[in-house]
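In what follows, a single structure is set out as C-alpha cells and then discussed.
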Amino acid sequence: MPKSKPRNSKPKLQNDLILRAARGEKTETTPVWMMRQAGRYLPEYQAVRDEHSFFEVVGTPELACKVTLQPVERLAVDAAIIFSDILVIPQALGLEVQMVPGKGPQFPAPLTEPEEIERLTRDPDLDATLGHVFEALALTRRRLDGRVPLVGFAGAPWTLMAYMVEGGGSKSFRQARRWLWAHPEDAHALLGTLADLIAAYLVRQAEAGAQVVQVFDSHAGLLGEKTFETFALPYLARIAERFKAAHPGVPAIVFAKGAPYALDALADTDYDAISLDWTMDPQAARNVVGGRVALQGNLDPCALYAPPEKIRRRVGAMLEAFGDEGGHVANLGHGMLPDHDPRHAAAFVDAVHALSGRVRAEA
3 MPKSKPRNSK PKLQNDLILR AARGEKTETT PVWMMRQAGR YLPEYQAVRD
53 EHSFFEVVGT PELACKVTLQ PVERLAVDAA IIFSDILVIP QALGLEVQMV
103 PGKGPQFPAP LTEPEEIERL TRDPDLDATL GHVFEALALT RRRLDGRVPL
153 VGFAGAPWTL MAYMVEGGGS KSFRQARRWL WAHPEDAHAL LGTLADLIAA
203 YLVRQAEAGA QVVQVFDSHA GLLGEKTFET FALPYLARIA ERFKAAHPGV
253 PAIVFAKGAP YALDALADTD YDAISLDWTM DPQAARNVVG GRVALQGNLD
303 PCALYAPPEK IRRRVGAMLE AFGDEGGHVA NLGHGMLPDH DPRHAAAFVD
353 AVHALSGRVR AEA
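Read in order, the letters of the sequence shown are residues 3 to 365 in the working numbering.
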C-alpha cells in the first residue's frame with residue numbers, strides 16, 4: 003500500500019512558467035491566467051453560490067478551495083488564484099461588509115469621519131480573523147498537487163480605504179478622496195494601518211502556500227499622479243519591502259488600475275512585476291520600466307465577447323506588443339465578467355499558449 007503524503011507536504015511544481023516570467027525570465031510559452039477566473043461566469047461556480055452566500059464561500063476553506071480549482075479543471079491556465087476577496091481586511095479590522103446582489107459590497111457603517119478610525123481593531127489576530135484564508139491556501143496547494151502555482155492576493159491600502167470610507171462602490175469615491183484633502187493626517191494614519199496589516203497578511207499567505215502574490219489597487223486611477231505619489235505609492239512600496247524581506251523568492255505583482263503615470267515609480271519598488279490594464283500600451287510601458295520589472299496583462303476583458311477566431315487575433319496583437327524579450331505574464335486588463343462564455347475564456351488561454359509557443363519555436 004503506497005504511503006500517503008504528510009499533511010503539510012508540498013508537491014513538486016510541474017509548471018513554473020508564471021514564477022519564471024514574473025522574475026523577468028524568458029519562458030518557452032507565455033504563462034496565462036485571468037483575474038476573477040474563479041467566479042460568476044462559470045456554471046459550476048453558480049451551482050455553489052445557489053447553496054451558499056458569497057462570504058460563506060470565502061469563509062469556508064473547503065468551498066473556497068473547490069471554487070479555486072474549478073477554472074484549473076476547465077481551462078489550461080498556468081496558475082490558480084485563491085478564491086477570496088480584498089475586503090476581508092476591513093472585516094479583520096472590525097467593519098461589517100455585506101455582498102448585496104446587484105450592488106456589490108456594502109458597508110452598513112462606513113468610516114464617515116476620521117474619529118471613527120477608533121472603531122477599528124488596529125492590531126487584529128490574523129489567525130482568528132483571516133485563518134480561513136490561510137487554511138484555504140494550504141488545502142488548495144495540496145489539492146493542486148503541483149499542477150500549477152497558487153496565487154494569493156490582497157487589496158491595496160488606498161483601494162481598501164476608498165471602500166471603508168465611501169461605504170460601497172462608487173464612480174468617483176468622493177467621500178474617500180475628500181479625506182485626502184480635508185483630513186490628510188488621518189488618511190495617512192489609516193493607510194499606514196492598512197499597509198502594515200496587508201503586508202503581514204501576504205507574508206502569512208506565502209507561509210500557508212501562496213507561490214505568487216498580487217496587490218490590487220483597483221482605484222489608483224482616481225488619484226492622479228501627485229496624489230498617488232503621496233497617498234498610494236509609499237504604502238504600496240512598504241508592503242512590497244516587507245513581503246520580499248520575508249519571502250524573497252516569492253514573486254510579487256502590483257496592479258494599479260488606471261494609473262499609467264505610476265509605472266516608473268512602481269518599477270523602482272520591490273515588486274517583481276506590474277500588471278497593466280487594457281488602456282495601457284505594452285510597448286510604452288516596456289519603454290518606461292525597461293528591465294526593472296516584468297509585465298502582466300492586458301487584453302480588454304470585453305474582447306472575450308468576440309468570436310474565438312477574433313479573440314485569437316487580438317491575443318496575437320497583444321503578444322506582439324509585449325515583445326519576445328520574456329518577462330510577460332498574459333492576463334486580462336481587469337477581471338472576468340459575469341456573462342462571459344467559458345468557451346471564450348478557453349479560447350483566450352489556448353491562443354496565448356499556441357501563439358507564444360510558435361514564436362518561441364521559430365526564434
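Beta carbons: idealized from backbone N, C-alpha and C, even for Gly. The structure displayed is predicted, hence computed values, not measured ones.
Same chain, Cβ closer than 7 Å to residue i, neighbours up to 5 away in sequence not counted
i           : result
residue 306 : 313, 342, 346, 347, 350
residue 164 : 175, 178, 221
residue 246 : 254, 272
Member of the options whose CA lies at the smallest distance from the CA of residue i
i           : options            : result
residue 271 : 280, 294, 176, 283 : 294
residue 300 : 311, 288, 310      : 288
residue 2   : 85, 73, 164, 324   : There is no way to answer for residue 2, as the model of the chain reaches only from 3 to 365.
residue 253 : 241, 111, 262, 216 : 216
residue 250 : 302, 24, 236       : 24
residue 182 : 208, 211, 230, 154 : 230
residue 196 : 170, 168, 162, 173 : 162
residue 274 : 297, 100, 203      : 297
residue 98  : 104, 13, 109       : 109
residue 94  : 126, 76, 120       : 126
residue 145 : 337, 324, 14, 286  : 14
Cα-Cα separation, residue i to residue j
i           : j           : result
residue 365 : residue 82  : With a pLDDT of only 49 at residue 365, under the threshold of 50, the placement of this residue in the model should not be trusted; the figure read from the coordinates follows. Cα to Cα, residue 365 sits roughly 29 Å from residue 82.
residue 292 : residue 264 : 14 Å
residue 266 : residue 139 : 32 Å
residue 47  : residue 29  : 32 Å
residue 219 : residue 194 : 15 Å
residue 262 : residue 276 : 11 Å
residue 319 : residue 353 : 11 Å
Start and end residues, alpha helix (DSSP H) containing residue i
i           : result
residue 194 : 186 to 210
residue 48  : 45 to 51
residue 91  : 90 to 94
residue 265 : 265 to 269
residue 247 : 235 to 248
Residues near residue i by beta carbon distance below 8 Å, same chain, minus five either side
i           : result
residue 358 : 31, 32, 321, 332
residue 239 : 271, 272
residue 79  : 34, 35, 36, 39, 73, 150, 351
residue 224 : 164, 174, 175, 179, 260
Close beta carbons around residue i, own chain, < 6 Å, minus the five adjacent residues each side
i           : result
residue 188 : 116
Range covered by the beta strand (DSSP E) that runs through residue i
i           : result
residue 216 : 214 to 219
residue 257 : 254 to 258
residue 332 : 330 to 334
I'd like the ranges of any beta strand (DSSP E) spanning at least 3 consecutive residues and lying wholly in the stretch 99 to 173. 100 to 102, 106 to 108, 152 to 157
Runs of alpha helix (DSSP H) lying entirely within the stretch 278 to 310, each at least 4 residues, in chain order: 284 to 291
Entirely within the stretch 16 to 79 and at least 4 residues each: give me those alpha helix (DSSP H) ranges in chain order. 19 to 24, 45 to 51, 56 to 61, 63 to 76
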